[in-house]
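Those letters in the sequence shown? Residues 1 to 203, by this note's numbering. We put the beta carbon where it would ideally sit given N, CA and C, even for glycine. Here's the structure, in C-alpha cells; my notes come after.
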Amino acid sequence: MAGDLPGGAPVDGAWLVVGLGNPGPDYATTRHNVGAMALDVLGGRVGGRFGAHRRGRADVLEGRIGGPGGPRAVLAKPRSYMNESGGPVASLQQAFKIGPERIVVVHDELDLPFGALRLKLGGGDNGHNGLKSLRRSLGTGDYLRVRLGIGRPPGRQDPADFVLKPFSSPERKELDVFLERAADAVEELVTLGLERAQSSFND
Numbered sequence: 001m002a003g004d005l006p007g008g009a010p011v012d013g014a015w016l017v018v019g020l021g022n023p024g025p026d027y028a029t030t031r032h033n034v035g036a037m038a039l040d041v042l043g044g045r046v047g048g049r050f051g052a053h054r055r056g057r058a059d060v061l062e063g064r065i066g067g068p069g070g071p072r073a074v075l076a077k078p079r080s081y082m083n084e085s086g087g088p089v090a091s092l093q094q095a096f097k098i099g100p101e102r103i104v105v106v107h108d109e110l111d112l113p114f115g116a117l118r119l120k121l122g123g124g125d126n127g128h129n130g131l132k133s134l135r136r137s138l139g140t141g142d143y144l145r146v147r148l149g150i151g152r153p154p155g156r157q158d159p160a161d162f163v164l165k166p167f168s169s170p171e172r173k174e175l176d177v178f179l180e181r182a183a184d185a186v187e188e189l190v191t192l193g194l195e196r197a198q199s200s201f202n203d
C-alpha cells in the first residue's frame with residue numbers, strides 16, 4: 001500500500017462507502033434508513049446517479065469524494081433487506097478489490113441520541129442486524145463506521161418497531177442538517193483520516 005496520511009487514510013486507492021437501509025418506498029423515510037439517506041446526500045455532492053451494479057445487488061455511484069481531486073470512491077446502497085446487507089457489500093468488495101480498511105459503513109445507532117454522530121474503527125454489532133450480516137459476509141468487523149444517532153424508543157416500544165417508523169415531526173425539521181453533517185463526516189474521514197474526522201465530528 002502507498003503511504004498514509006495522518007490518521008490512517010490511504011493516499012491512493014478506492015474506497016467503498018456503504019449506506020445501510022431497507023429497499024423500497026415503504027422504508028425510505030424510516031429511522032433504519034438514515035444511512036442510505038446520508039448516501040443520497042453524499043451522492044448529490046459526488047454527482048451522477050445511482051445505478052444497479054451487475055454483481056453486487058446494490059445501487060452504486062462511482063466518483064470522487066470532496067471534489068475533482070479527491071479520493072476515488074464507490075458509493076453503495078444494498079438492495080437487500082438490512083439483515084442481508086453483508087452479501088451485496090462482500091460482492092462489491094471483491095468486484096472492486098477494496099480491503100476492509102477502506103470500507104466505510106454509515107448506519108443508524110440506537111445508543112446515540114437523535115442528531116448525534118460518532119466515527120470509529122471496528123467494534124461490536126450492538127444488536128444491529130445490518131452490522132451482524134456484514135461481519136458474517138466480510139469475515140471481520142474491522143471497517144470504519146459512521147454511526148448516526150436515532151435515539152432509543154419511548155416507553156416500552158420494541159426497538160425493532162421503532163427503527164421501522166418514520167422520524168417524528170420535530171426530528172424531520174432537523175433531519176436535513178443532520179444528513180449534511182453525516183456527508184461532511186464521510187468526506188473528512190476519507191480525505192483526512194479517522195483521527196482528524198473524530199476530532200471534528202465526534203460529539
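Nearest to P159 by alpha-carbon distance, out of G48, G70 and E109, is E109. Cα atoms of V41 and A73: separation of roughly 15 Å, rounded to the nearest angstrom.
Put simply, the backbone Cα of G44 is about 31 Å away from that of R136. Contact between the segment 61-72 and the segment 135-154 is absent: fewer than 3 CB-CB pairs across the two stretches fall below 8 Å. The straight-line gap separating the alpha-carbon atoms of V18 and D184 is approximately 15 Å. Within its own chain, the residues whose Cβ lies closer than 6 Å to the Cβ of F162, once the five positions on either side in sequence are excluded, are P153, listed in chain order.
Take E180, set aside five residues on each side of it, and the residues of its chain with a beta-carbon closer than 7 Å to its own are V41, in chain order.
Three or more beta-carbon pairs separated by less than 8 Å link the segment 78-89 to the segment 17-36, which places the two stretches in contact. Straight-line spacing of the CA atoms in G35 and A182 works out to 9 Å. Of the residues assessed, R156 falls on the exposed side of the cut-off, its CB having fewer than 16 other CB atoms within 10 angstroms. In this structure A52 is exposed. Its beta-carbon is surrounded by fewer than 16 other beta-carbon atoms within 10 angstroms.
Going by beta carbons, R145 and L117 fall outside the 8 Å limit. Bounds of the alpha helix (DSSP H) holding A183 are S169 to L192.
About 10 Å separates the Cβ atoms of L39 and V104, ruling out a contact at the 8 Å cut-off.
Within the model, the alpha-carbon separation for H128 versus F201 is close to 22 Å. In terms of Cα proximity to L194, the closest of L119, G48, R54 and G86 is L119. Around the Cβ of N126, a 10 Å sphere holds fewer than 16 other Cβ atoms; the residue is exposed. Put simply, of A95, A197, S169 and L16 the residue whose alpha carbon is nearest the alpha carbon of G56 is A95. With contacts defined by Cβ atoms closer than 8 Å, R102 and L192 do not form a contacting pair. In the displayed model, K97 falls within coil according to three-state DSSP, outside both helix and strand.
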